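Novice:
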Amino acid sequence: MPEMRDGAWYIISIAAQKAEVHEQTLRHYERLGLIAPARKGESPHSPRLYSDKDIERVLHIRSLMRDLGVNLAGVEAILRMKDHMEQMQEEMKHQLEEMRIQHANETRRLKEIIERLQGTPDVFSPEEGE
Numbered sequence: 001m002p003e004m005r006d007g008a009w010y011i012i013s014i015a016a017q018k019a020e021v022h023e024q025t026l027r028h029y030e031r032l033g034l035i036a037p038a039r040k041g042e043s044p045h046s047p048r049l050y051s052d053k054d055i056e057r058v059l060h061i062r063s064l065m066r067d068l069g070v071n072l073a074g075v076e077a078i079l080r081m082k083d084h085m086e087q088m089q090e091e092m093k094h095q096l097e098e099m100r101i102q103h104a105n106e107t108r109r110l111k112e113i114i115e116r117l118q119g120t121p122d123v124f125s126p127e128e129g130e
């Protein structure tokens, strides 16, 4: 079951009202793989639970179909590309964070080297009195 800390979860009747579609439309979108609501239990007959993100996705589907005249096959392709782009963005964010950490560690290491070098006598400078 999804964790309640992840936001609000709605049963199908409430989700359908919020998305302004019929419950059968939500089931149809699920069969097509356009949405993937959570299940309350392990059984495929367990009640579906829809998140705010699921509802936003249904509203986006409706907008694509109504406002742009996109058919369900087109919606599927658009959503697949959108999902892929979002996944790539998340991977890029993760890589950027790793690079920031590496940069901070390298900067810290170099500062420590500089501090140690500044504390050692200069062996290359001429001795006094030479």
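Using UniProt numbering, the letters of the sequence shown map in sequence onto residues 1 to 130. Note that the Cβ used here is the ideal one computed from N, Cα and C, for glycine as well. As the structure is a computational prediction, the values presented were derived from the model and not from experiment.
(1) For the alpha helix (DSSP H) that residue 64 lies in, which residues bound it at each end?
(2) Between the alpha carbons of residue 33 and residue 99, how many angstroms are there, rounded?
(3) Expressed to the nearest angstrom, what Euclidean distance is found between the alpha-carbon atoms of residue 62 and residue 8?
(4) What does a CB cutoff of less than 7 Å around residue 46 pick up in its chain, not counting 5 residues either side in sequence?
(5) Using the C-alpha atoms, what's the distance from residue 88 back to residue 37?
(6) Please report the straight-line C-alpha distance between residue 84 and residue 35, rounded to a whole angstrom.
(7) Take every Cβ of the segment 63-70, pair it with every Cβ of the segment 8-27, and state whether three or more of those distances are shorter than 8 Å.
(8) What would DSSP say about residue 8, mapped onto helix, strand or coil?
(9) How many whole angstroms separate the CB atoms of residue 21 and residue 75, which I take to be in contact at a CB cut-off of 8 Å?
(10) What residues in its chain sit with their C-beta under 8 Å from that of residue 112, if we drop five residues either side in the sequence?
(11) For the alpha helix (DSSP H) containing residue 117, list its first residue and its last residue.
Specialist: Let me spell this out:
(1) First-last of the alpha helix (DSSP H) with residue 64: 52-68.
(2) Straight-line Cα distance between these residues: approximately 35 Å.
(3) Each residue's Cα considered, the two are about 21 Å apart.
(4) So the list reads 39 and 40, once near-sequence residues are dropped.
(5) Distance between the alpha carbons of residue 37 and residue 88 is about 22 Å.
(6) Looking at the two C-alpha atoms, the distance is approximately 15 Å.
(7) No, the segment 63-70 does not touch the segment 8-27.
(8) Correct three-state label for residue 8: coil.
(9) Contact between residue 21 and residue 75 fails: their C-beta atoms lie close to 13 Å from each other, not under 8 Å.
(10) Contacts found: none.
(11) Under the DSSP assignment, residue 117 falls in the alpha helix (DSSP H) whose first and last residues are 72-118.
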